[in-house]
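These notes are about the structure you will find just below.
Numbering (our numbering), first residue to last: 5 to 186.
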């Protein structure tokens with residue numbers, strides 16, 4: 005409470021609260037400049053250094069993030085290219101497999117046809133041989149029967165070799181005449 009009358013005494017002497025005191029202004033400037041010098045000497049440098057360091061770290065982090073984003077984009081592009089190449093290779097492999105399967109299918113069909121033709125040809129050859137054997141056997145029996153019949157008719161028996169030769173010549177003439185008639 006004693007402070008109240010003190011202010012009242014000072015205010016009574018001259019000008020009040022808004023009065024200009026030149027000594028106070030000088031001391032305010034001196035203290036301000038001294039404080040500015042001290043802050044600049046010991047505080048301003050570290051504060052600015054810390055701000056600059058922080059700014060550099062932020063800038064480096066941004067640049068690093070940009071580089072990493074570019075790297076991620078490049079890797080993504082590379083992965084997409086590899087994926088596309090893999091898809092193409094898979095399609096080529098499938099196409100080649102289909103072609104190989106189709107080629108194998110036709111090869112097996114051709115091989116089956118060739119085997120069938122060989123079997124048919126062998127069967128025809130076998131039939132032809134058996135037919136020729138049957139004809140030859142029939143011819144011999146016919147010759148023997150003809151000789152026996154001719155011998156009985158003539159009551160004379162020619163030599164067996166002559167008889168056989170005569171009948172074979174006759175049968176050959178018949179075969180030639182049949183061939184001409186066809």
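By construction, the Cβ of each residue, glycine as well, lies at the ideal position given by its N, Cα and C atoms.
For clarity, every value in this text was computed on a predicted model and none was experimentally measured.
Please classify residue 171 as buried or exposed, where buried requires at least 16 other C-beta atoms within 10 Å of its C-beta.
Classification for residue 171: buried.
Which residues in the same chain have their Cβ closer than 7 Å to the Cβ of residue 1, if we skip the five residues on either side of it in sequence?
No answer is possible for residue 1: the residues shown for the chain start at 5 and end at 186.
From what residue to what residue does the alpha helix (DSSP H) around residue 41 run?
Residues 26-42.
Report the three-state DSSP secondary structure of residue 23 (helix, strand or coil).
Here residue 23 carries a coil assignment [DSSP, helix/strand/coil].
For a quick check, are the C-beta atoms of residue 168 and residue 147 less than 7 Å apart?
Yes.
Helix, strand or coil at residue 163 according to DSSP, with G and I counted as helix:
In the three-state reduction of the DSSP assignment, residue 163 falls in the coil class, being assigned neither a helical nor a strand state.
Can you find the residues in the same chain that come closer than 6 Å, C-beta to C-beta, to residue 174, ignoring five residues on each side of it along the sequence?
Taking residue 174 as the centre and dropping the five residues before and after it, the same chain places no C-beta closer than 6 Å to its C-beta.
Which class does residue 183 belong to by DSSP, given the choice of helix, strand or coil?
For residue 183, the three-state secondary structure derived from DSSP is helix.
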